[in-house]
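A.B. asks: The structure under discussion is supplied below as structure tokens; questions concerning it will follow.
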Amino acid sequence: MTFAWPTALVGLVLVPVLLGFYLWMQRRRRRYAVRFTNLALLREVVGRGPGMWRHIPPLLFLLGMAALLVSLARPSLVLAVPRDQASVMLVLDVSGSMDARDLQPTRLGAARQAAKKLVDGLPSGAQVGVVAFSDRATLSAPLSGDPSRTQQALDGLTAGGGTAIGDGLNLALDQLAARPTNAAGERAPAVVVLLSDGENNAGRPPASVATRAQQEGVTVNTIGVGQRGVQTLLNRRTSVGLNETALESIASTTGGQYFYAADAGQLEQVYAHLGSQITWVTEQTEVTALASGLGAALVTVAGVLGLGWFGRLP
Amino acid sequence: MRGALEAIRRLARRPSLIVVTSDFLVPDGWAEALRLLAQRHEVVAARLRDPRESDLPDVGLVTFEDPETGEQLTVNTSSKRLRERFAQAAAAQAERIKTSLTACGVDQVVLGTDEDTLPALAAFLDARRRRRGARWAGRRGPSAA
Numbered sequence: 001m002t003f004a005w006p007t008a009l010v011g012l013v014l015v016p017v018l019l020g021f022y023l024w025m026q027r028r029r030r031r032y033a034v035r036f037t038n039l040a041l042l043r044e045v046v047g048r049g050p051g052m053w054r055h056i057p058p059l060l061f062l063l064g065m066a067a068l069l070v071s072l073a074r075p076s077l078v079l080a081v082p083r084d085q086a087s088v089m090l091v092l093d094v095s096g097s098m099d100a101r102d103l104q105p106t107r108l109g110a111a112r113q114a115a116k117k118l119v120d121g122l123p124s125g126a127q128v129g130v131v132a133f134s135d136r137a138t139l140s141a142p143l144s145g146d147p148s149r150t151q152q153a154l155d156g157l158t159a160g161g162g163t164a165i166g167d168g169l170n171l172a173l174d175q176l177a178a179r180p181t182n183a184a185g186e187r188a189p190a191v192v193v194l195l196s197d198g199e200n201n202a203g204r205p206p207a208s209v210a211t212r213a214q215q216e217g218v219t220v221n222t223i224g225v226g227q228r229g230v231q232t233l234l235n236r237r238t239s240v241g242l243n244e245t246a247l248e249s250i251a252s253t254t255g256g257q258y259f260y261a262a263d264a265g266q267l268e269q270v271y272a273h274l275g276s277q278i279t280w281v282t283e284q285t286e287v288t289a290l291a292s293g294l295g296a297a298l299v300t301v302a303g304v305l306g307l308g309w310f311g312r313l314p
Numbered sequence: 315m316r317g318a319l320e321a322i323r324r325l326a327r328r329p330s331l332i333v334v335t336s337d338f339l340v341p342d343g344w345a346e347a348l349r350l351l352a353q354r355h356e357v358v359a360a361r362l363r364d365p366r367e368s369d370l371p372d373v374g375l376v377t378f379e380d381p382e383t384g385e386q387l388t389v390n391t392s393s394k395r396l397r398e399r400f401a402q403a404a405a406a407q408a409e410r411i412k413t414s415l416t417a418c419g420v421d422q423v424v425l426g427t428d429e430d431t432l433p434a435l436a437a438f439l440d441a442r443r444r445r446r447g448a449r450w451a452g453r454r455g456p457s458a459a
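Taken in sequence, the protein lines are chains A and B.
Once you know that position 36 of the first sequence is 36 in the working numbering, the rest is easy, because the numbers rise by one and skip nothing.
In the working numbering, each residue's number is its place in the second sequence (first place is 1) plus 314.
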């Protein structure tokens with residue numbers, strides 16, 4: 001917790017002062033007790049009596065005062081706050097190898113499911129679009145605030161062809177470059193979630209596009225599926241397995257993360273994780289109102305309990 | 315109180331009227347000594363009662379202190395349940411004392427601390443004397459507390 005006005009914390013000295021006053025009052029009450037000769041009978045009837053409960057309203061009051069005094073110093077916490085704006089481009093590899101069945105039902109099918117769930121989980125103000133790449137990159141759904149277009153685009157993806165990771169990323173960046181600014185002239189944070197099962201064998205090299213992304217302030221998260229470092233033969237085209245190094249490098253250049261998913265379940269988890277990263281952002285938030293509210297609530301509860309239980313304000 | 319009653323029994327040679335003034339809340343087994351005393355003498359129990367101490371007021375948290383033992387007890391008098399239970403317990407206690415006294419053959423007169431005790435006591439004894447005849451004319455043994 002950090003404070004905007006730390007000097008105001010000096011006010012907290014009031015808390016031990018109040019506590020001392022309370023303890024002094026307790027002692028004073030014991031000195032000025034009311035004479036009662038039939039105390040033994042009263043003790044039998046009372047049993048344990050209020051016991052420690054009588055200290056609760058004053059304690060709550062003290063805590064409430066402490067919260068109020070802390071709120072004077074304008075505290076702020078690092079909190080997870082829902083991000084109301086985000087621009088997300090989903091970039092999917094639709095090369096021929098994505099028809100492989102090592103992920104259920106196929107690699108593309110699993111990716112489709114996971115991506116659709118991510119789109120569902122985005123906040124309402126988010127913009128999302130889809131780029132698919134095989135030999136070339138295609139804009140399946142432009143960046144828009146309408147998630148149904150994205151869902152439809154995801155449904156329409158079919159596999160076949162090569163792997164042009166660089167082109168796919170480049171097209172996504174073009175979309176994000178055109179994203180709107182809000183009233184304050186700021187642009188929503190831009191994220192790319194790129195999935196591939198192979199190595200770039202068409203179009204421009206991904207490394208240079210990654211640099212462009214970094215310069216434009218776009219975070220690229222990459223996901224790898226399929227066989228790590230193994231050759232598969234599909235449709236008379238030899239494809240080397242997944243090039244994790246390349247994907248890792250794209251992610252690290254742009255401040256994103258790389259993930260490998262071994263099965264559909266893991267893939268879903270990765271997309272979900274990235275989805276929540278997009279939806280929630282941790283930032284330093286001032287919680288003054290929260291602290292004051294808490295303090296006021298505690299003081300009120302102390303008053304209510306004090307009056308209700310013991311017929312007096314604590 | 316038992317010690318005092320036993321002392322009276324030794325000292326009072328002639329059958330006398332003995333007025334025992336107390337709140338009878340002393341738990342030291344006075345009943346037996348009182349019964350023996352009542353066998354030879356005419357004993358009247360003047361039970362002192364503080365009405366405040368069978369009826370708790372509704373004034374929130376109060377710390378009470380027993381003036382004899384110095385013990386303290388903090389009690390929430392705002393609890394209706396507590397006040398009622400205490401009133402019942404106090405009434406039951408008064409009943410028990412009355413039964414005890416009657417079993418010892420002793421008459422009871424209740425004197426409130428909020429009233430003038432001497433006139434009340436005098437009136438009681440007067441009425442009693444008239445009821446029983448003038449056998450114990452004026453000879454009063456030393457009062458025991």
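Think of the CB as a built atom: it goes at the ideal place given N, C-alpha and C, for glycine as much as any other residue.
Are residue 391 of chain B and residue 371 of chain B close, meaning C-beta to C-beta below 8 Å?
C.D. replies: Yes, these two residues count as a Cβ contact at 8 Å.
A.B. asks: Could you name the residues that DSSP lists as bridge partners for residue 133 of chain A?
C.D. replies: Residue pairing for residue 133 of chain A: DSSP places it in a beta bridge opposite A/93, A/137.
A.B. asks: Would you say residue 459 of chain B reaches chain A, if we count a Cβ-Cβ gap shorter than 8 Å as a contact?
C.D. replies: Caution is warranted here: a pLDDT of 46 is assigned to residue 459 of chain B, below 50, making its placement in the model unreliable, and no coordinate value can be reported.
A.B. asks: On the DSSP bridge assignment, give the partners of residue 196 of chain A in chain order.
C.D. replies: A/224
A.B. asks: List, in order along the chain, the chain A residues whose C-beta lies closer than 8 Å to that of residue 404 of chain B?
C.D. replies: 38, 41
A.B. asks: Measure from the C-beta of residue 364 of chain B to each C-beta in chain A and report whether the shortest distance is under 8 Å.
C.D. replies: yes
A.B. asks: Is residue 377 of chain B close to chain A? Criterion is C-beta to C-beta, closer than 8 Å.
C.D. replies: So, interface residue.
A.B. asks: Looking only at its own chain, which residues have a Cβ that is under 7 Å from the Cβ of residue 369 of chain B, when we skip the five neighbours before and after it?
C.D. replies: Excluding the 5 residues flanking it on each side, residue 369 of chain B has same chain C-beta neighbours closer than 7 Å at 401, in chain order.
A.B. asks: Check for me: the beta strand (DSSP E) holding residue 390 of chain B runs from which residue to which?
C.D. replies: That run of the beta strand (DSSP E) goes 386-390.
A.B. asks: Distance cutoff 8 Å, beta carbons only. Does residue 400 of chain B sit that close to anything in chain A?
C.D. replies: yes
A.B. asks: Go ahead and pull the three-state DSSP assignment for residue 269 of chain A.
C.D. replies: helix
A.B. asks: Would you give the residue range spanned by the beta strand (DSSP E) that residue 76 of chain A belongs to?
C.D. replies: 75-82
A.B. asks: Just to confirm my understanding: we take residue 78 of chain A, look at its own chain, exclude 5 residues before and 5 after, and list those with CB closer than 6 Å. What are they?
C.D. replies: Counting only Cβ-Cβ distances below 6 Å, and skipping sequence neighbours, we find 282, 284.
A.B. asks: Which residue wins for smallest C-alpha separation from residue 364 of chain B, given the options A/45, A/44, A/38, A/169?
C.D. replies: A/38
A.B. asks: Measure from the alpha carbon of residue 196 of chain A to the alpha carbon of each residue in A/214, A/222, A/204, then state which is nearest.
C.D. replies: A/222
A.B. asks: Less than 8 Å between CB atoms is the rule here; does residue 34 of chain A satisfy it with respect to chain B?
C.D. replies: yes
A.B. asks: Check whether the Cβ atoms of residue 227 of chain A and residue 241 of chain A lie closer than 8 Å to each other.
C.D. replies: Cβ atoms of residue 227 of chain A and residue 241 of chain A: closer than 8 Å.
A.B. asks: Looking at the unbroken beta strand (DSSP E) that takes in residue 359 of chain B, where does it start and where does it end?
C.D. replies: 356-363
A.B. asks: Looking only at its chain, what residues have a beta carbon closer than 8 Å to the beta carbon of residue 246 of chain A, apart from the 5 residues adjacent to it on each side?
C.D. replies: 165, 199, 200, 206, 207
A.B. asks: What residues from the region 1-15 of chain A come within 7 Å of chain B, judged by C-beta to C-beta, listed N to C?
C.D. replies: none
A.B. asks: Count the other C-beta atoms from every protein chain shown that fall within 10 angstroms of the C-beta of residue 458 of chain B, then say buried if there are 16 or more, exposed otherwise.
C.D. replies: With a pLDDT of only 48 at residue 458 of chain B, under 50, the local geometry of the prediction cannot be trusted, and the value read off the model is given with reservation. Its Cβ being crowded by 16 or more others within 10 Å, residue 458 of chain B is buried.
A.B. asks: Locate the alpha helix (DSSP H) running through residue 426 of chain B, then write down its first and last residues.
C.D. replies: Note, residue 426 of chain B: premise wrong, no alpha helix (DSSP H); beta strand (DSSP E) at 421-426.
A.B. asks: Below 7 Å on C-beta distance, what does residue 385 of chain B contact in chain A?
C.D. replies: Neighbours of residue 385 of chain B on chain A, chain order: 39.
A.B. asks: Just to make sure I have the definition right: I need the residues of chain D whose C-beta is within less than 9 Å of the C-beta of residue 337 of chain B. Which are they?
C.D. replies: In summary, chain D is missing from the structure at hand, where the protein chains are A and B.
A.B. asks: Answer with buried or exposed for residue 416 of chain B, where buried requires no fewer than 16 other C-beta atoms within 10 angstroms of its C-beta.
C.D. replies: exposed
A.B. asks: With C-beta atoms as the reference, is residue 126 of chain A less than 8 Å away from residue 88 of chain A?
C.D. replies: yes
A.B. asks: Rounded to whole angstroms, how far is the Cβ of residue 360 of chain B from the Cβ of residue 319 of chain B, which I believe are closer than 8 Å?
C.D. replies: So it is not a contact: roughly 14 Å between Cβ atoms.
A.B. asks: Might you give, ordered along the chain, the residues of its own chain that have their beta carbon closer than 6 Å to the beta carbon of residue 5 of chain A, omitting 5 neighbours on each side?
C.D. replies: 73, 74
A.B. asks: For a contact defined as C-beta to C-beta under 9 Å, what are the partners of residue 44 of chain A on chain B?
C.D. replies: 403
A.B. asks: For chain A, check one thing: does any of its Cβ atoms lie closer than 8 Å to the Cβ of residue 422 of chain B?
C.D. replies: no
A.B. asks: Starting from the C-beta of residue 255 of chain A, find all residues in its chain whose C-beta is less than 7 Å away, skip the five residues before and the five after it, and write them out in chain order.
C.D. replies: These residues qualify, in order along the chain: 219.
A.B. asks: Can a CB atom of chain A be found closer than 8 Å to the CB of residue 407 of chain B?
C.D. replies: Yes - at least one Cβ of chain A is within 8 Å of the one on residue 407 of chain B.
A.B. asks: Cα separation between residue 406 of chain B and residue 309 of chain A?
C.D. replies: 27 Å
A.B. asks: Using the beta-carbon of each residue, which ones in chain B are nearer than 8 Å to residue 309 of chain A?
C.D. replies: Listed along the chain, the chain B residues whose CB falls inside 8 Å of the CB of residue 309 of chain A are 390, 392.
A.B. asks: Is residue 418 of chain B near residue 326 of chain B, with beta carbons less than 8 Å apart?
C.D. replies: no
A.B. asks: What residues are listed by DSSP as bridge partners for residue 242 of chain A?
C.D. replies: Its beta-bridge partners are A/228.
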